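Structure first, then comments.
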Amino acid sequence: MEKEWELFLMPYEQAVSEMKVKLRGIRKQFHEQTMHTPIEFVTGRVKPIDSILTKARLRHIAMDHLE
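Here my numbering is used: the first residue of the sequence shown is 81, the next is one more, and so on.
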(Lines of atoms letter the chains of each structure in order from A; the text may use other names.)
(Lines give C-alpha, C1' and ligand atoms only; values in the text may rest on other atoms or scores of the structure.)
Protein backbone atom coordinates (compact mmCIF):
# COMPACT_ATOMS: atom_id res chain seq x y z
CA MET A 81 0.00 0.00 0.00
CA GLU A 82 2.87 2.38 0.72
CA LYS A 83 4.16 1.92 -2.83
CA GLU A 84 0.73 2.96 -4.16
CA TRP A 85 0.88 6.11 -2.05
CA GLU A 86 4.39 6.90 -3.27
CA LEU A 87 3.21 6.59 -6.87
CA PHE A 88 0.13 8.70 -6.12
CA LEU A 89 2.16 11.47 -4.48
CA MET A 90 4.96 11.49 -7.07
CA PRO A 91 3.39 14.14 -9.38
CA TYR A 92 2.80 16.40 -6.37
CA GLU A 93 6.42 16.03 -5.27
CA GLN A 94 7.57 16.87 -8.80
CA ALA A 95 5.30 19.93 -8.89
CA VAL A 96 6.65 21.20 -5.56
CA SER A 97 10.21 20.65 -6.77
CA GLU A 98 9.56 22.56 -10.02
CA MET A 99 7.96 25.47 -8.16
CA LYS A 100 10.94 25.69 -5.82
CA VAL A 101 13.33 25.80 -8.79
CA LYS A 102 11.27 28.49 -10.56
CA LEU A 103 10.94 30.66 -7.47
CA ARG A 104 14.66 30.36 -6.71
CA GLY A 105 15.37 31.41 -10.30
CA ILE A 106 13.14 34.48 -9.95
CA ARG A 107 14.81 35.31 -6.64
CA LYS A 108 18.26 35.01 -8.26
CA GLN A 109 17.23 37.34 -11.12
CA PHE A 110 16.13 40.01 -8.66
CA HIS A 111 19.36 39.60 -6.71
CA GLU A 112 21.55 39.86 -9.85
CA GLN A 113 19.74 43.04 -10.92
CA THR A 114 20.39 44.43 -7.43
CA MET A 115 16.67 44.91 -6.97
CA HIS A 116 14.71 44.30 -3.79
CA THR A 117 13.86 40.61 -3.72
CA PRO A 118 10.22 40.04 -2.73
CA ILE A 119 11.02 36.35 -2.18
CA GLU A 120 12.99 35.94 1.04
CA PHE A 121 13.34 32.15 0.98
CA VAL A 122 11.71 29.18 -0.73
CA THR A 123 10.56 25.97 0.91
CA GLY A 124 8.03 23.34 -0.02
CA ARG A 125 6.96 19.84 0.85
CA VAL A 126 4.34 17.21 0.23
CA LYS A 127 2.59 16.09 3.38
CA PRO A 128 3.90 12.70 4.60
CA ILE A 129 1.68 9.66 4.05
CA ASP A 130 1.20 9.02 7.77
CA SER A 131 0.11 12.60 8.27
CA ILE A 132 -2.40 12.40 5.41
CA LEU A 133 -3.91 9.21 6.83
CA THR A 134 -4.08 10.64 10.36
CA LYS A 135 -5.79 13.80 9.15
CA ALA A 136 -8.27 11.79 7.06
CA ARG A 137 -9.10 9.61 10.07
CA LEU A 138 -9.61 12.65 12.31
CA ARG A 139 -11.95 14.21 9.76
CA HIS A 140 -13.80 10.92 9.21
CA ILE A 141 -12.89 10.74 5.52
CA ALA A 142 -13.13 7.25 4.03
CA MET A 143 -10.02 5.86 2.36
CA ASP A 144 -11.80 5.55 -0.99
CA HIS A 145 -12.47 9.32 -0.95
CA LEU A 146 -8.81 10.30 -0.63
CA GLU A 147 -8.07 10.27 -4.35
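By construction, the Cβ of each residue, glycine as well, lies at the ideal position given by its N, Cα and C atoms. These numbers come from a predicted model, not from an experiment.
Would you identify the three-state DSSP class for residue i, choosing helix, strand or coil?
| i | result |
| --- | --- |
| L146 | coil |
Taking the alpha-carbon of residue i as reference, which of the options has the nearest alpha-carbon?
| i | options | result |
| --- | --- | --- |
| E82 | E112, I132, H140 | I132 |
| E98 | K135, L87, R125, H145 | R125 |
Less than 8 Å separating the beta-carbons of residue i and residue j?
| i | j | result |
| --- | --- | --- |
| W67 | I141 | The structure shown does not extend to residue 67, since the chain is modelled only from 81 through 147, so no value can be given for it. |
Looking at C-beta atoms only, is the number of pairs between the segment 120-136 and the segment 91-107 that lie closer than 8 Å three or more? With the cut-off at 8 Å, the segment 120-136 and the segment 91-107 touch.
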